[in-house]
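S.K.:
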Amino acid sequence: MPLALYALTAGAFGIGVTEFVIMGLLLDVSADLGVSISAAGLLISGYALGVVIGAPLLGALTGRLAKKTLLLALMVVFTIGNLACALAPDYWTLMAARVLTAFAHASFFGVGSVVATSLVAPNGKASAIALMFTGLTVANILGVPFGTWLGQAYGWRSTFLAVTLVGVVAFAVIALLVPRDDPSADDEGESSEGALAVLGRRPVLLGLLTTVLSWVGVFAAFTYLAPILTRISGFSEAAVSPILLVFGG
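What follows is the structure, encoded as structure tokens:
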């Protein structure tokens with residue numbers, strides 16, 4: 012597989028960690044910012060809202076941009092967003108930073124999948140996409156438990172600083188390894204107006220709604236896993252990270 016695919020995998024890993032790691036740090040965020048656990052949980056809802064809004068919107072508005080340029084721009088947004096999370100002085104600043112970061116998530120996987128398939132022969136496209144999404148899998152299995160442990164040991168802000176560093180590394184390897192593309196050579200591209208019009212079609216809306224409801228079901232419980240484990244099931248905070256490791260596996 013081309014090395015450029017591993018650059019995309021690095022970006023997917025960082026995005027996966029920043030999306031899910033907050034779930035293991037709700038108690039820490041709640042205590043530090045002086046908000047309730049339910050309010051801290053809304054930081055996950057805010058991120059999800061950013062993805063839901065950003066995915067179709069950015070996909071429609073950036074379809075004519077060179078894909079490498081777009082990937083680099085998304086990693087800049089991702090890195091700045093996570094740095095803002097780490098430095099957030101209050102709850103609402105953290106919420107805004109989470110939503111901003113989610114916009115990078117919204118388009119990265121779609122654009123990254125297209126780039127991944129362009130790097131290999133036709134019979135290797137499925138494997139290329141699978142390799143990129145391995146970053147998301149590893150984020151769930153290892154990144155989130157490690158990020159939870161790091162946040163509990165050194166403060167939740169340290170986790171977001173670490174993810175910021177991942178963003179810097181991902182930007183660098185994408186810049187170095189992913190080849191430039193010519194957007195004018197893409198005969199299959201369509202105008203922003205045409206892409207936005209697609210969003211009004213019933214099958215598309217039903218598909219989006221199905222996706223939203225499916226993930227709502229998953230995260231309704233998973234969001235509050237840390238407080239459930241510590242305050243109801245009687246586990247210590249130190250046990251949350253290993254349990255997340257089991258869940259990710």
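Counting in our numbering, the sequence shown runs from 12 upward without gaps.
Beta carbons: idealized from backbone N, C-alpha and C, even for Gly.
As the structure is a prediction and not an experimental result, all values here were calculated from the model.
(1) So what does DSSP say about Ala183, is it helix, strand or coil?
(2) Quick check: the Cα distance between Ile26 and Gly245, rounded to an integer number of angstroms?
(3) Using the C-alpha atoms, what's the distance from Phe114 back to Val62?
(4) Apart from the five residues on each side of it in sequence, which residues of its chain come closer than 8 Å, Cβ to Cβ, to Phe157?
(5) Could you tell me how far apart the beta carbons of Met143 and Gly121 are, in whole angstroms, since I believe they sit closer than 8 Å?
(6) Rounding to the nearest angstrom, what Cα-Cα distance links Phe182 and Leu176 in this structure?
(7) Given Ala237, which residues of its chain have a CB within under 7 Å of its CB, disregarding the five upstream and five downstream residues?
(8) Counting pairs of Cβ atoms below 8 Å between the segment 136 to 153 and the segment 76 to 93, do you hit three or more?
(9) Report all residues from its chain with a CB closer than 6 Å to the CB of Ala21; omit the five preceding and five following residues, and keep chain order.
(10) Just tell me which of Ser49, Cys96, Thr159 and Ser47 has its CA closest to the CA of Val110.
(11) Counting only runs of 4+ residues fully inside the segment 100 to 146, write out the alpha helix (DSSP H) ranges in chain order.
(12) Return helix, strand or coil for Thr73, following the three-state DSSP convention.
(13) Apart from the five residues just before and just after Leu81, which ones in its own chain have a Cβ nearer than 6 Å to its Cβ?
(14) Helix, strand or coil for Tyr235 per DSSP?
(15) Which two residues bound the contiguous alpha helix (DSSP H) that contains Asp192?
(16) Note down the Cα distance separating Gly218 from Ser225, rounded to an integer number of angstroms.
(17) Roughly how many angstroms separate the alpha carbons of Ala66 and Val215, rounded to a whole number?
(18) Does the Cβ of Trp103 have 16 or more other Cβ atoms within 10 Å, making it buried, or fewer, making it exposed?
(19) Residue ranges of each alpha helix (DSSP H) run of no fewer than 4 residues wholly in the segment 15 to 84, ordered along the chain?
(20) Considering only the beta carbon of each residue, do Leu240 and Ala127 sit closer than 9 Å?
(21) Going by other Cβ atoms of all chains shown within 10 Å of its Cβ, with 16 needed for buried, is Val227 buried or exposed?
(22) For the alpha helix (DSSP H) that Pro156 lies in, which residues bound it at each end?
(23) Who are the Cβ neighbours of Ala59 in its own chain at under 6 Å, not counting the five residues just before and after it?
(24) If you reduce the DSSP assignment to three classes, tell me which class Arg213 lands in.
(25) Distance check for Lys79 and Met86, CA to CA, integer angstroms please.
(26) Would Gly200 be called buried (16 or more neighbouring beta carbons within 10 Å of its own) or exposed?
M.R.: Based on what the coordinates show:
(1) helix
(2) 31 Å
(3) 6 Å
(4) Ser252
(5) Contact flag wrong, Cβ pair sits at about 11 Å.
(6) 10 Å
(7) Met34, Gly35, Leu37, Leu38 and Val251
(8) no
(9) Ala181 and Val184
(10) Cys96
(11) 102 to 129
(12) coil
(13) Thr73 and Val122
(14) coil
(15) Asp192 -> no alpha helix (DSSP H), and no H or E assigned at all.
(16) 11 Å
(17) 13 Å
(18) exposed
(19) 37 to 44 and 48 to 72
(20) no
(21) exposed
(22) Val155 to Tyr165
(23) none
(24) helix
(25) 11 Å
(26) Caution is warranted here: a pLDDT of 48 is assigned to Gly200, below 50, making its placement in the model unreliable, and no coordinate value can be reported.
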